[in-house]
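Student:
Chains as they are written, first to last, in the numbering used here: chain H, 615 to 870; chain F, 688 to 1216.
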């Protein structure tokens, strides 16, 4: 008897699954504002005040490890995620929907609004040395951030600013360690990790090196970017094309 | 300690039934082979009289055994050791009994928890209490559970508070006389804090001291309106016990909401305080509030260190206390009177302390919508991890943070079970991570004796020993031994996991061992040849 029942149960479950798939009914600007307020007091401690991440994962990029649908977000925020530090909330679904509306609002950099010639920007990217340090789809250097999905996580304005003022914001991952060994050896590279006794770097020849601080006579960490400004190298039109190209770099399947 | 004495002590321990009596707890300071209570003794010293491991031989320390837990939560447990058995908590709220010699498991108690539990800072547990032949553990769903020390079987399980209103238990209970004293967590959820005492046989509550007084009670004048109902004042770190005075001395946490004090004008007693309670009745004998009307989340959840020593030429009962707000205090243990205080880390919020120990606040230090930079940071200049007092060096040791935070303020309404904090600060500044240190202070003055700098901010407590060593750990995963007189490093080992727990020392088969939780594991070290 059981075997004959199974197809019926599966079909019912599928039908039920489709029936309960939820989408966010609270997406007005007022909902986003209300969600921001709740996010700030309940979520920001771990996920960062702008969803940039911290103890918990970054949310602003729009990728969620435990399900990206509205339905999954509602469940994970309401109930928490077992096996992680993510706790649930004792709030009505309406209020959780507002949080979801706010989280979604962090991730809206529509491609269509960016002017410029993408192909020309790509050519500039190849010819101006960008590719020596940056990787796109597995091609390029490792000394700068991987830009494969940069258009998804950064606005066009932010990308333009990074090209013109690379020192404005330098992520700690790209701070540069410079040390002088007691034996006269010079060490330098991107600071990957540091503790009380040792330093781990990626040097400028892309070698991973670990250095004992006890062997150094001095060292410092420079927080300037290794990337030059392109303010004088490229004209306004070229910068616009380059930004258009970078904005076009999005994860596969991203429909926006 | 002579070898013969060690052998006899070991033999006697093996022959005795595993009964942790109050008499043994009272004299725990002399019971060097065991670690019977959270801080090693009632005085809160985290000091071991064992002296086999010394500054001269600590370089030979090596791993004896490792026990790997099954948990994804941060391990903050202080192990207890009684007569060859080690009792540890595994977060969220499990208990495991191990052979202290080999690390092999005897039994494990698994706590089945509700799906939705909110704790401010992880589902953690700091350890168990032992009394008689029972093990006591608080759970994150706010129950207190008694287990059979031989089997792990549940003997009773009582609800201390409702977890759905943000109550949880992360503290290691304290066994005192015929009571299990247990605190509560939930200062970020608008609870009304308390400290409880329970009958170890039945689980029946003997007394409750509300850390936030209700209208009409002494201290209620420090509150306005109904703010006391959600006033905070949790009790989430194990206190100490003054046997001679029969006083339980315990620290209380922040008032709620943490970073917005607009709706709770007043000093907000007894938040951020040392409270001294009559152990038999739970009645308040004295209190000392470190931060009246706190708006920075600087809980007074440090282990009170109780020392009898000379003060200005006369014997006096003292409390040593390095508080989260970056000041070190000496209090009179009979009255709670402030005797002296001094900053032990950088702070930018107070000009100093007045004659009564109250902070002389500087202007523009309160949280603001745009953010206010203040030293120390939200996690304080020290926190819940234990300090140590060594009667041989007469120094006070502690792990220190040097950092600042951006304190932001916002509106927030109370909603049961949800956070009630008044916005959220930027706790760690990405480009200004701060650093840490292990420090030795002259406990009579608060003057720094030595400093062992750490690149990162430590979450691990310190242990000092009669071998004139101080053991400490770091978030980097290093466990190390320092010369207790100079701070010079004599040994270190990379455990490979963050250390957010307190070390202990005990004796097994005639050898001194040192244990610390690191990552998701328990590491025990011995002297190599």
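Beta carbons: idealized from backbone N, C-alpha and C, even for Gly.
Who are the near neighbours of residue 772 of chain F in its chain, counting only those whose CB is closer than 8 Å to its CB and skipping five residues on each side?
Tutor: Within the second chain, numbered from 1, the residue matching residue 772 of chain F stands at position 85. Cβ neighbours of residue 772 of chain F beyond the five flanking positions: 705, 784, 785, 786, 787, 793 and 836.
Student: Given a threshold of 16 other Cβ atoms within 10 Å of its Cβ, counted over all protein chains shown, does residue 757 of chain F qualify as buried or as exposed?
Tutor: For the purposes of this step, residue 757 of chain F is taken as the residue at position 70 of the second chain. Answer is exposed; the Cβ neighbour count stays below 16.
Student: Using a C-beta cutoff of 9 Å, does residue 689 of chain F count as contacting chain H?
Tutor: As a position in the second chain, residue 689 of chain F is number 2, starting the count at 1. Confidence is the limiting factor: at residue 689 of chain F the pLDDT is only 46, short of 50, which leaves the residue's position unreliable and the question unanswerable from this model.
Student: Run through DSSP, which three-state label would residue 956 of chain F get?
Tutor: Position 269 of the second chain holds residue 956 of chain F. It is coil, neither helix nor strand.
Student: Here's the rule I'm using: 16 or more other beta-carbon atoms within 10 Å means buried, otherwise exposed. How should residue 775 of chain F be labelled?
Tutor: Here residue 775 of chain F corresponds to residue number 88 of the second chain, with the count starting at 1. Buried.
Student: Between residue 654 of chain H and chain F, is there a C-beta pair that is closer than 9 Å?
Tutor: To locate residue 654 of chain H, count along the first chain from 1; it is residue 40. True, the Cβ-Cβ gap to chain F drops below 9 Å.
Student: May I ask you to list the residues that DSSP assigns as paired with residue 748 of chain H?
Tutor: As a working note, residue 748 of chain H is residue 134 in the first chain. The partner list for residue 748 of chain H (beta bridge, DSSP) is empty, contrary to what the question assumes.
Student: Sorted by chain position, which residues of the same chain lie with C-beta nearer than 8 Å to residue 1200 of chain F's C-beta, five sequence neighbours on each side aside?
Tutor: Here residue 1200 of chain F refers to the residue found at position 513 when the second chain is read from its first residue. So the list reads 751, 787, 1192, 1193, 1194, 1211, 1212 and 1213, once near-sequence residues are dropped.
Student: Using 9 Å as the limit for Cβ to Cβ distance, is residue 804 of chain F near chain H?
Tutor: Residue 804 of chain F sits at position 117 when you count from the first residue of the second chain. True, the Cβ-Cβ gap to chain H drops below 9 Å.
Student: Using a Cβ-Cβ cutoff of less than 8 Å, which residues in the same chain neighbour residue 800 of chain H once the five nearest sequence positions on both sides are dropped?
Tutor: In the first chain, the residue the question calls residue 800 of chain H occupies position 186. Cβ within range, chain order: 792, 793 and 794.
Student: For the structure I just gave you, are there three or more beta carbon pairs, one from the region 725 to 742 of chain H and one from the region 668 to 681 of chain H, closer than 8 Å?
Tutor: With a cut-off of 8 Å, the region 668 to 681 of chain H and the region 725 to 742 of chain H do not count as touching, because too few Cβ pairs lie within range.
Student: Is the Cβ-Cβ distance between residue 739 of chain H and residue 859 of chain H less than 9 Å?
Tutor: For this step, residue 739 of chain H is matched to residue 125 along the first chain. For this step, residue 859 of chain H is matched to residue 245 along the first chain. Result yes, Cβ atoms of residue 739 of chain H and residue 859 of chain H sit closer than 9 Å.
Student: Who are the neighbours of residue 1111 of chain F on chain H, taking C-beta pairs under 8 Å?
Tutor: One-based indexing of the second chain puts residue 1111 of chain F at position 424. Here the neighbours are 654, 655, 658, 659 and 663.
Student: Comparing the C-beta of residue 791 of chain H with each C-beta of chain A, is any distance below 9 Å?
Tutor: In the displayed structure, chain A is absent; the protein chains listed are H and F.
Student: With 16 other CB atoms within 10 Å as the buried threshold, where does residue 898 of chain F fall?
Tutor: If you number the second chain from 1, residue 898 of chain F lands on position 211. Flag for residue 898 of chain F reads buried.
Student: Alpha carbon to alpha carbon, how far is residue 761 of chain F from residue 1048 of chain F?
Tutor: Mapped onto the second chain, residue 761 of chain F falls at position 74. Mapped onto the second chain, residue 1048 of chain F falls at position 361. C-alpha separation (whole angstroms): 35 Å.
Student: Measuring CB to CB, does residue 1184 of chain F end up less than 9 Å from residue 1206 of chain F?
Tutor: Locating residue 1184 of chain F in the second chain gives position 497, counting from the first residue. Locating residue 1206 of chain F in the second chain gives position 519, counting from the first residue. For residue 1184 of chain F and residue 1206 of chain F, yes; Cβs fall inside 9 Å.
Student: Report yes or no: do three or more beta-carbon pairs, one from the region 804 to 820 of chain H and one from the region 770 to 778 of chain H, lie closer than 8 Å?
Tutor: No contact exists between the region 804 to 820 of chain H and the region 770 to 778 of chain H.
Student: So is residue 847 of chain H in contact with chain F if we call contact Cβ pairs under 9 Å?
Tutor: Your numbering for residue 847 of chain H matches position 233 in the first chain. Closer than 9 Å: no.
Student: Can at least three beta-carbon pairs, one atom from the region 880 to 893 of chain F and one from the region 827 to 842 of chain F, be found at a separation below 8 Å?
Tutor: Yes: at least three Cβ pairs fall under 8 Å.
Student: Give the interface partners of residue 1219 of chain F over in chain H, defined as CB-CB distance under 7 Å, in chain order.
Tutor: This structure leaves residue 1219 of chain F out entirely; chain F is present only between 688 and 1216.
Student: With 16 as the cutoff for other CB atoms within 10 Å, does residue 690 of chain F come out buried or exposed?
Tutor: In the second chain, the residue the question calls residue 690 of chain F occupies position 3. Confidence in residue 690 of chain F is poor, its pLDDT being 47 and thus under 50, which makes the residue's placement too unreliable to answer from.
Student: Thinking just about the alpha-carbon of each residue, which of F:800, F:1158, F:1072 and F:1094 is nearest to the one in residue 746 of chain F?
Tutor: By 1-based counting over the second chain, the position of residue 746 of chain F is 59. When only C-alpha atoms are compared, the closest one is F:1158.
Student: Could you pull out every residue in the same chain whose Cβ sits closer than 8 Å to the Cβ of residue 1083 of chain F, ignoring the five residues on either side in sequence?
Tutor: As a working mapping, residue 1083 of chain F is identified with position 396 in the second chain. Cβ neighbours of residue 1083 of chain F beyond the five flanking positions: 992, 1007, 1009, 1015, 1074, 1075, 1076, 1127, 1128, 1129 and 1130.
Student: In chain order, what residues of the region 692 to 706 of chain H put their CB closer than 9 Å to some CB of chain F?
Tutor: Those would be 692, 693, 694, 696, 697, 698, 699, 701, 702, 703, 704 and 705, in chain order.
Student: Looking at chain F, is there any beta carbon in it that lies within less than 9 Å of the beta carbon of residue 811 of chain H?
Tutor: To locate residue 811 of chain H, count along the first chain from 1; it is residue 197. Yes, contact with chain F.
Student: In chain F, what lies closer than 8 Å to residue 609 of chain H by C-beta?
Tutor: Only positions 615 to 870 of chain H appear in the structure, and residue 609 of chain H is not among them; the question remains open.
Student: Determine the contact status of residue 656 of chain H and residue 717 of chain H, defining contact as a CB-CB distance below 9 Å.
Tutor: Locating residue 656 of chain H in the first chain gives position 42, counting from the first residue. Locating residue 717 of chain H in the first chain gives position 103, counting from the first residue. No. Outside cutoff.
Student: If you compare alpha carbons, which of H:819, H:670 and H:660 is closest to residue 746 of chain H?
Tutor: Within the first chain, the letter at position 132 stands for residue 746 of chain H. Measuring from the Cα of residue 746 of chain H, the nearest candidate turns out to be H:819.
Student: At the 9 Å Cβ level, is residue 808 of chain H part of the contact set with chain F, yes or no?
Tutor: Translated into positions along the first chain, residue 808 of chain H becomes position 194. For residue 808 of chain H, the answer is yes, since a Cβ of chain F falls inside 9 Å of its Cβ.
Student: What residues from chain H crowd round residue 1105 of chain F, counting only those whose CB sits closer than 7 Å?
Tutor: Along the second chain, one-based indexing puts residue 1105 of chain F at 418. Under the 7 Å cutoff, chain H gives 656, 703, 704 and 705.
Student: Grab the span of the beta strand (DSSP E) containing residue 804 of chain H for me, first residue to last.
Tutor: Residue mapping note: residue 804 of chain H aligns to position 190 of the first chain, counting from 1. Where residue 804 of chain H is concerned, the enclosing beta strand (DSSP E) stretches over 800 to 808.
Student: Have a look at F:1079, F:960 and F:911 and flag the residue whose alpha-carbon is nearest the alpha-carbon of residue 996 of chain F.
Tutor: Taking the second chain and counting its residues from 1, the one referred to as residue 996 of chain F is at position 309. Measuring from the Cα of residue 996 of chain F, the nearest candidate turns out to be F:1079.
Student: Please determine, among F:900, F:925, F:905 and F:1140, the residue with the shortest C-alpha to C-alpha distance to residue 914 of chain F.
Tutor: As a position in the second chain, residue 914 of chain F is number 227, starting the count at 1. That would be F:900, whose Cα lies nearest to the Cα of residue 914 of chain F.
Student: Less than 6 Å between C-beta atoms, sequence neighbours within five positions excluded: which residues of the same chain meet that for residue 1120 of chain F?
Tutor: Working through the second chain from its first residue, we reach residue 1120 of chain F at position 433. Cβ neighbours of residue 1120 of chain F beyond the five flanking positions: none.
Student: Measure the beta-carbon distance from residue 968 of chain F to residue 894 of chain F and round it to whole angstroms, keeping in mind my assumption that it falls under 8 Å.
Tutor: If you number the second chain from 1, residue 968 of chain F lands on position 281. If you number the second chain from 1, residue 894 of chain F lands on position 207. Sure, about 6 Å apart at Cβ, within 8 Å.
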